[in-house]
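In this note's numbering, the protein residues as written are 142 to 249.
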């Protein structure tokens, strides 16, 4: 018997997700949720545990819809640039100094 998995395209899977990276080691998931609420007034649906490698971490922040993710990204203050892969990201300043990068998970 052959089992098939239903597959959505990567774009559909990631349309409601923003990658937050370059997170300091002292950052907690709650801090990310609070950052989005404070800077955008949009509460993420899910902020998973942060994965650290060296002195920085990253996590994929999920929103309730693509529209919420797009609005949260658009509302964030920060200079928008393209990363090496051509995906748009913003550098967002933190209250205590430094910055994090928030990236769209798909090219627009």
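Heads up, the beta-carbon is just placed ideally off N, CA and C, and yes, glycines get one too.
Given the structure is predicted, the values throughout are model-derived calculations rather than measurements.
The way I'd put it, the stretch 235-246 doesn't touch the stretch 189-196; fewer than three beta-carbon pairs between them come closer than 8 Å. Residue burial annotation: residue 231 is buried, with at least 16 other C-beta atoms found within 10 angstroms of its C-beta.
With respect to the 8 Å criterion, residue 169 and residue 201 are not classified as neighbours on the basis of their beta carbons.
Of 210, 238 and 247, the smallest CA-CA separation from residue 227 is found for 247.
Non-local C-beta neighbours of residue 203 in its own chain, meaning closer than 7 Å and more than five positions away in sequence, comprise 157, 158, 185, 186 and 187, ordered along the chain.
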